[in-house]
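Here the UniProt record's numbering is used: position 93 in the sequence shown is 93, and no number is missing along the way. We treat Cβ as the ideally placed atom computed from N, Cα and C, and that holds for glycine. Single-structure report; data block below.
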Amino acid sequence: MFELFKSGLISKKALLILNYSKININENQLAILLIIMELSNEDQKNFTPSEIAQHMMISKEEIEHEISELLKNRIIKLEQKGKKTILDLTPLFNRLLVDLEEEHSKLKTDNTYNFIEKILNYKLNKQEIDKIEDYIELGISKPKIMSVINDNKINNIDELFKKLEEQSKKTSVKITMYNWLND
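Quick look at the structure:
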């Protein structure tokens, strides 16, 4: 799905509008994100709440609160590039793509990762589950994890984490090179 998205066959704005509620974004947050995406260009990718408020019917204080919620929930992040602070929408689109991929998978409701335990014949501890959730947040979906296990004939948890680390580096390189703010 990421390849379809990256190639432009799936519109970022349409994907966001049709699926925002699945990742617990409210309508004000959606509007803020869409305004930022619409106003962004190569020179400017970040906007003050006052600039965003010019295009909305809520106060700049409400906008500040909504943006802080997006940051707190790790939907967006701010990156320092030299003297500039740049808004990074990578976590937003990672979550959307992972959620959609999992929605069409039988693994959607497996929040304890029983599928990994069954395949590896191994009981995961809390720390290992947290580590798997970190990989999922980086954009590696449950179906992708299952595929990594099967394709590489992995039979232990250390091997799995090694492969997931390799996969996360490949994925993050592709994602960071993609300009999420431009269509």
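Report back the beta-carbon spacing between residue i and residue j to the nearest angstrom; my notes put them in contact at under 8 Å.
i: I157; j: L120; result: 6 Å
Answer yes or no: do residue i and residue j have a C-beta to C-beta separation smaller than 8 Å?
i: I76; j: D88; result: yes
i: I32; j: I10; result: no
i: S168; j: L138; result: yes
i: N46; j: T85; result: yes
i: K12; j: F93; result: yes
What's the gap between the Cα of residue i and the Cα of residue j?
i: L164; j: A14; result: 30 Å
i: S59; j: Y113; result: 42 Å
i: N72; j: H65; result: Sequence check: residue 72 is Lys here, not Asn. Roughly 10 Å between the two C-alpha positions.
i: I63; j: N28; result: 8 Å
i: E166; j: N150; result: 16 Å
i: E38; j: S50; result: 16 Å
i: K142; j: I36; result: 30 Å
i: E61; j: N19; result: 26 Å
i: G16; j: K162; result: Looking at the sequence itself, residue 16 is Leu, so the reference to Gly does not match. So the alpha carbons of these two residues sit roughly 32 Å apart.
i: N182; j: I145; result: Any reading at N182 is ruled out, since the residue's pLDDT is 49, under 50, leaving its predicted position unreliable.
i: E159; j: E103; result: 27 Å
i: L34; j: S40; result: 10 Å
i: Y135; j: F115; result: 16 Å
i: I154; j: S147; result: 10 Å
i: L70; j: K126; result: 26 Å
i: L100; j: Y122; result: 28 Å
i: E117; j: I140; result: 18 Å
i: E79; j: N24; result: 23 Å
i: G82; j: N26; result: 32 Å
i: L30; j: T48; result: 16 Å
i: R95; j: N152; result: 25 Å
Tell me, please, whether the CB atom of residue i is closer than 8 Å to any CB atom in chain B?
i: E103; result: In the structure shown, chain B does not exist; there is a single protein chain.
Does the contact criterion of 3 or more C-beta pairs under 8 Å hold for the stretch 37-57 versus the stretch 124-134?
no
Considering only residues of the UniProt domain "DnaD N-terminal" (15-104), which uninterrupted beta strand (DSSP E) runs meet the minimum length of 3 residues and lie entirely inside it, listed in chain order?
77-81, 84-88
4-residue-minimum alpha helix (DSSP H) runs that sit fully inside the stretch 121-152, ordered along the chain
126-137, 142-151
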